[in-house]
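Protein chains in written order, with UniProt numbering: chain E, 1 to 334; chain A, 1 to 260.
Heads up, the thing below is written out as structure tokens.
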Amino acid sequence: MYAQMVKTDAARVRSLEEMEPHERAFQERIDAGQKIEPKEWMPEGYRKTLVRQISQHAHSEIVGQLPEGNWITRAPTLERKAILLAKVQDEAGHGLYLYCAAETLGISRDQMYEQLHSGKAKYSSIFNYPTLTWADIGAIGWLVDGAAIMNQVPLQRCSYGPYARAMVRICKEESFHQRQGYDALMRMVKGTPAQKAMVQDALNRWWWPSLMMFGPSDDASVHSAQSMAWKIKQNSNDELRQKFVDQTVPQAKYLGLTIPDPDLKWNEEKGGHDFGEPDWEEFFNVIAGNGPCNAERLDARKKAWSDGAWFRDGLTAHAEKVADRRAAAKIAAE
Amino acid sequence: MATAARDPAARQAALFEFLVRVGDNALILGHRVSEWCGHSPALEEDIALSNTALDLIGQTQLWLGLAGEVEGKGRSADDLAYLRDGYDFRNILLVERPNGDFGRTLMRQFLFDAWHYLLLKALKGSSDQRIAEIAEKAFKEVSYHLDRSRDLIIRLGDGTAESHRRMQEALDEHWPFTGEMFTSDALDAELVEAGIIPAPQGLKTGWDEIVAEALTEGTLKKPADGYMHKGGRRGVHTEHLGFILTEMQFLQRAYPGATW
């Protein structure tokens, strides 16, 4: 996933007793595990939070095409090229379902694009890192899609119906993405020393940004507490990060790779790994637009949009002409 | 019994040449289309483009795979795609032309699809079962490619003044590269005679019809048939191909013998 630090507009989470009757009824439905559907009443904060989260998620899928697309033309075999094309196509498809899910909340895709292009809406920090070698494509599948799955599996149980249902399909495809990434790396570590070195280099660069995908610790965040009360979010950032590290360490070991964290060690007592703290200053810088590829990614999206204006206008004009001709033909026939 | 009297080695060489021609068209056009990834004018187009590229790369695997088999020297589809230099590539010049704006990309696709569709349709009846089988699968995919590119050509031709202008310019620019699709040489003649492929020039009437119909509906003007560029089918390319191959073959060239 790809939503980080989503705000809720809440100053604090209110109790049922403090709520107006309709809001209380809404919260009780959520507490009972019922799904909320598009046309039903919902608090404005719930709606806005979902729009922020789903659009951020959708934007991430779309911007995420760029670092991977960077290697499609250089994929080392026809099969790897086909797999990468299929993956990137899936991601554009995910973007499409997610924009549609967000549209059920009363915002148009064009408005969401506008927010992305103006910098008002964010996308995941991870896509502001460059893909420098072919191993980065494998590492993205393994680590980035792995982290995304960790976040998205619980979202299948999100209280908002259209988002939860979009996530069911997305999760299936993401697990294929993760497997293909791991498989590509497996092939490389069994190959030449240069290939193995390429994989280790990719892990060195992608490890910490992958941990940052979960966002900073949110145990004290009112936004997280509110999102959890609304069942938009199910687990804390730290819980998911821990799960990700515990899942990934043995996979790295199997590949014969070293995770670039001197503090990483198994903690018998907690039944999980201890690990170092990501560089949150770097994270906040990337979020603020200072990552290695922020400017390029956003410029590429803006350019695609503005260069394509004539294309979209042309199709709209044609559709209007066809409608006018039909109307004229109908009048003539009467 | 003229065919039976032919030299089997010559037949095999002609067959290899044909398979590489059709495979290289798919490979190079697939490469060009995939360059759009993430940069197209609408999300639906990103999806359609990666889908088209994926189909073309899939077809490349089948055609070049069979080419390697026919050649019998142990070369795989990957060997053929990644380890030949430009003069051994046999795609027509049209497919290596740069993407340009989205209108040029769509027009190139349409002009190619209309021909590709007719070629595959004919190849479904090839006397070589292996070719007929690949054509059967590819034809389904390419029918969809043609539906899509034809529809967009029409809508953009008959859209705004700007979209019309761009589509007309794209058509005028690509037109001199369409003649190569219908040229033939002794290698083609050999296979035509054996019922393995249709005569290239025989596809022209059908192509003219598909193209003329779409252009008329899209209010676009068919350019006059003037000088036609050619050379790709015998390995003489534009300067663009070298850069495509440099990019595409980078890893295989930089890490010889590595498996991926």
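The beta-carbon is built from N, C-alpha and C at its ideal position, and this holds for glycine as well.
- The Cβ atoms of A/Gly235 and A/Phe89 sit closer than 8 Å to each other.
- The beta carbon of A/Asp101 lies closer than 8 Å to those of Arg166, Ala170 in the same chain, with the five residues before and after it left out.
- Here the C-alpha atom of E/Trp71 lies approximately 40 Å from the C-alpha atom of E/Val322.
- Of A/Trp260, A/Gln168, A/Tyr82, A/Asp188, the smallest CA-CA separation from A/Leu220 is found for A/Gln168.
- If you draw a straight line from the Cα of E/Glu173 to the Cα of E/Ala327, it comes to about 44 Å.
- Taking a contact as a CB-CB distance under 8 Å, the pair E/Arg301 and E/Leu84 does not count as one, their CB atoms being some 20 Å apart.
- Taking the C-beta atoms as reference points, E/Leu105 is found no nearer than 8 Å to E/Arg52.
- Among the CB atoms of chain A, none fall inside 8 Å of the CB of E/Thr131.
- Distance from the Cα of E/Glu23 is smallest, within the candidate group E/Pro38, E/Ala10, E/Met42, for E/Met42.
- In the structure shown, E/Gly272 falls within a strand segment according to DSSP collapsed to helix, strand and coil.
- Residue range 265-267 is occupied by the beta strand (DSSP E) that includes E/Trp266.
- Cα atoms of E/Ala164 and E/Val245: separation of roughly 25 Å, rounded to the nearest angstrom.
- With respect to the 8 Å criterion, A/Gly231 and A/Leu93 are classified as neighbours on the basis of their beta carbons.
- Rounded to the nearest whole angstrom, the C-alpha separation of E/Val199 and E/Ala295 is 27 Å.
- Assigned with DSSP and collapsed to three states, E/Ile36 falls in strand.
- DSSP places E/His223 inside the alpha helix (DSSP H), whose first and last residues are 222-229.
- For the 8 Å CB-CB criterion, E/Gly215 and E/Asn237 form a contact.
- C-alpha of E/Trp266 to C-alpha of E/Glu17: approximately 44 Å in a straight line.
- Per the coordinates, the alpha-carbon of E/Pro262 lies some 19 Å from the alpha-carbon of E/Glu281.
- Sequence-ordered contacts of the region 238-255 of chain A with chain E read Glu247, Met248, Phe250, Leu251, Gln252, Tyr255 [C-beta pairs closer than 7 Å].
- DSSP links E/Tyr160 through a beta bridge to E/Ile36.
- E/Glu334 sits in coil when the DSSP states are folded into three classes, being neither helix nor strand.
- For A/Val95, the closest alpha carbon among the candidates A/Gly23, A/Phe18, A/Gly206, A/Gln201 is that of A/Gly23.
- At the C-beta level, E/Ser125 and E/Val249 stay beyond 8 Å of one another.
- Interface with chain A (8 Å Cβ-Cβ cutoff): E/Pro209 is excluded.
- With respect to the 8 Å criterion, A/Leu56 and A/Val33 are classified as neighbours on the basis of their beta carbons.
- Take E/Arg29, set aside five residues on each side of it, and the residues of its chain with a beta-carbon closer than 8 Å to its own are Ile36, in chain order.
- Straight across, the Cα-Cα distance linking A/Ala199 with E/Arg325 is about 42 Å.
- CA-CA distance, E/Pro260 to E/Pro278, rounds to 11 Å.
- Counting along the chain, no alpha helix (DSSP H) covers E/Glu277, and no H or E run does either.
- Neighbours of A/Gln168 across chain E, judged by C-beta separation under 8 Å, do not exist; the nearest C-beta is about 12 Å away.
- Interface criterion met: the Cβ of E/Thr192 is under 8 Å from a Cβ in chain A.
- Contact between the region 142-151 of chain A and the region 114-129 of chain A is present, with at least three C-beta pairs closer than 8 Å.
- Taking the Cα positions, E/Thr77 is about 11 Å away from A/Ser76.
- Taking E/His57 as reference, the option from E/Val6, E/Arg312, E/Ala25 with the minimal CA-CA separation is E/Val6.
- One Cα belongs to A/Leu156, the other to A/Gln201, and the distance between them is close to 30 Å.
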